Amino acid sequence: MTNSMVEPSRAMDRNEADSAMIAAESSGMPGMRGTDHIGFTVPSLDEAIAFFVDVIGCEPIYELGPFHSTDDWMHTHLNVDPSAVMRRLRFLRCAHGSNFEVFEYEAPGQRLEQPKNSDVGGHHLAFYVDDIDAAVAYLKSKGVRIQGEPTLRAAGPSAGQTWVYFLAPWGMQMELVSYPKGKGYEKDTDRRLWHPAFPER
């Protein structure tokens, strides 16, 4: 188990080192630290929060709303119909990963169907688990629809990763991934993709 407690002077040194690394290696946005949250819209916030909290295991933090405007503020700032109503939104934390900002909207011409992965704008949420078979069995026991059997990557840069898709009750695509012994690409480079089981790397 990793000890997360460090002396103040050591923590300061680590922060300074992180800042120096960002300044030296990044040619992008000044001060960019990483992904803060992922936002998405659902048909029913109550249904989504129940699923993320009771099934996935996320933690609800706070809620806002409703928001609307009588001018074009909603369109100017959020690129939605000027008369759209953001009925509610809620922030959740899901262990060692990006926060979720989950919206419930009411708007003219609102699309109600989920995009496919092959559609422009297609997307999915992936959760890392230590034991994918146990996670699949658990989701099945909760009535969650699993998309086929887990697939193991045997070759290439993703070798060692097992994955399987599943659907939220409202049809949003999600995924389980697991690679407890690492991935194939790791033998070719010292650089590492961010890993929720080892967030300090």
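In this text, residue positions in the sequence shown follow full-length UniProt numbering: the first is 1, and each later residue adds one. Heads up, the beta-carbon is just placed ideally off N, CA and C, and yes, glycines get one too. This one's a predicted model, so the numbers in the text were calculated from it and none came from an experiment.
1. Can you list, in chain order, the residues of its chain with a C-beta nearer than 8 Å to that of D131? Leave out the 5 residues immediately preceding and following it.
2. Less than 8 Å between the C-beta atoms of Y62 and V85, yes or no?
3. Kindly indicate which three-state DSSP category H75 falls into: helix, strand or coil?
4. Within its chain, find whatever has a CB closer than 6 Å to the CB of M74; leave out the 5 residues flanking it on each side and keep chain order.
5. From V136 to G97, what distance separates their C-alpha atoms?
6. Skipping 5 residues on each side, what residues in its chain have a beta carbon closer than 8 Å to that of H68?
7. Considering only DSSP beta bridges, list what Y105 is partnered with.
8. Write down the C-beta distance between H124 and Y165 rounded to the nearest angstrom, noting that I regard them as a contact closer than 8 Å.
9. Compare the beta carbon distance of F40 and P169 with 8 Å and say whether it is the shorter of the two.
10. Thinking V102 and V42 are a contact (beta carbons under 8 Å), I'd like their distance in whole angstroms, please.
11. Helix, strand or coil, according to DSSP, for G184 in the structure here?
12. Under three-state DSSP, which class holds V80?
13. With a 10 Å radius around its C-beta and 16 neighbouring C-beta atoms as the bar for buried, classify Q147 as buried or exposed.
Considering the structure as presented:
1. So the qualifying residues of the chain are S178.
2. The answer is no: Cβ separation not under 8 Å.
3. H75 falls in the helix class under three-state DSSP.
4. Result list for M74: V80, P82 and A84, in chain order.
5. Taking the straight line from one Cα to the other gives about 20 Å.
6. Only M74, S83, A84, V85 and M86 meet the Cβ criterion.
7. In the DSSP output, where bridge partners are listed per residue, Y105 has M86.
8. 7 Å between Cβ atoms; contact.
9. Contact flag unset, no.
10. About 6 Å; that satisfies the 8 Å criterion.
11. If DSSP states are grouped into helix, strand and coil, G184 belongs with the helices.
12. Reduced to three states, the DSSP call for V80 is coil.
13. It counts as exposed.
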